[in-house]
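The structure under discussion appears below in the form of structure tokens.
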Amino acid sequence: MSIELMLFQAGAVDIVKRSFHPWLPEAEGSEMFRQPVWSALIKTPEGNILFDTGLHPVHVARPDATFGPLKDMTVVMRDEDAIVRRLEAAGVAPDDVQIVVNSHLHFDHAGNNGAFPRATFIVQADHLVSAKGRQSFPGVYWDLPELTYLPVSGRTRVAKGVEVVPTPGHAVGHQSLVLDLPETGRVVLCGDAANTRANLERGEEPALAPDDAKASLALIRSLVNDDLDRCFPSHDMAAWRSWRHAPEVYR
Ligand SMILES: [Zn+2]
């Protein structure tokens, strides 16, 4: 068996456009748009790898469960968006996941870490340190005693054809996942290093560390020789609609 990539929607957010596209004029930038939250399953001969764990299903009934009501962002989630339900529909139980790679530990990327107590979680060491105890990385979803974190530093092989690559800027120690698929070739699961394709095109991403974010976008582009169709940004509905979704796969 060689590597297969499967994509699952794991919720959505209504978010103010300027959060992703700060270059928009004021009026348009203040509008909201709906963007997906997603997770990916990578089946490999060395085990199943999950990239990000999506939003926790507590948000189905209570969209503001994590941060209370916010002006700039609202979670939109259906029962079937829970990653455990999505995996189940694809015939994969939580205990069948050996490794979880979190791009970072924001609540829309680590919301269901607690559902995978048998997995090893791969996170950049500096990210773990910077996320711990911070209100913007709610520990209720990831800082759980039963979970096993494997802090890594820098580019790290996860399995044959699967490598994490640091792409800081959105957060300290943010990482993306690079896959070398046998038929499709290389793709990059960007995480929030690239929220949308437009961010990759402009080489610009709103971030606490804008220079790091810029360098990370350039790195992602260099990894795919500027073929942006090979980049999977984290929150881009138009891009999402153009991709294959589970149970379809990329080989
Ligand atoms: Zn995100």
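Under the numbering used here, the first residue of the sequence shown is numbered 1113, with each subsequent residue one higher.
C-beta atoms are modelled at their ideal positions from N, C-alpha and C, and glycine is treated no differently.
Note that this is a predicted model, so its numbers are computed, not measured.
Would you say H1347 and N1307 are within 7 Å of each other, going by their C-beta atoms? yes
Quick check on the burial criterion: 16 or more other C-beta atoms within 10 angstroms. Buried or exposed for D1193? For D1193, the number of other beta carbons within 10 angstroms of its own is at least 16, and it is reported as buried.
Tell me the DSSP secondary structure of D1339 in three-state form. coil
Inside the region 1143–1216 only - alpha helix (DSSP H) runs reaching at least 4 residues: 1170–1173, 1195–1201
Considering only their Cβ atoms, is the gap separating L1262 from T1232 smaller than 7 Å? Yes, they are a contact pair.
Taking all protein chains shown into account, do 16 or more other C-beta atoms lie within 10 angstroms of the C-beta of W1135, making it buried, or fewer, making it exposed? exposed
Output needed for F1163: all residues of its chain with C-beta closer than 6 Å, excluding positions within five of it in sequence on either side, in chain order. A1152, V1213, L1289, L1301
Rank V1252, K1326, D1323, S1242 by C-alpha distance to the C-alpha of H1216 and give the top, closest one. S1242
With hydrogens ignored, establish whether the beta-carbon of S1151 is closer than 6 Å to any heavy atom of ligand 1. no
Buried/exposed call for S1265, threshold 16 Cβ in 10 Å: exposed
Does DSSP put D1304 in a helix, in a strand, or in coil? coil
Can the beta-carbon of P1206 be found closer than 7 Å to that of A1173? no
heavy atom of ligand 1 below 6 Å from D1220 C-beta: yes
Rounded C-alpha distance that separates V1128 from A1327: 25 Å
Taking A1271 as the reference, give the member of L1291, N1337, E1258 with the closest Cα. Ranking the options by Cα distance to A1271, first place goes to L1291.
Does ligand 1 have a heavy atom nearer than 6 Å to the CB of D1304? yes
Nearest to G1166 by CA position, among D1126, A1122, A1358, S1334, is which residue? A1122
Status (buried if at least 16 other CB within 10 Å, exposed otherwise) for F1179: By the C-beta density criterion, F1179 is exposed, having fewer than 16 other C-beta atoms within 10 angstroms.
List the whole-angstrom C-beta distance separating V1170 from V1149, where the pair is believed to meet the contact cut-off of C-beta under 8 Å. At roughly 14 Å, the Cβ-Cβ gap does not stay under 8 Å, so V1170 and V1149 are not in contact.
P1278 - partner residues in DSSP beta bridges: Q1287
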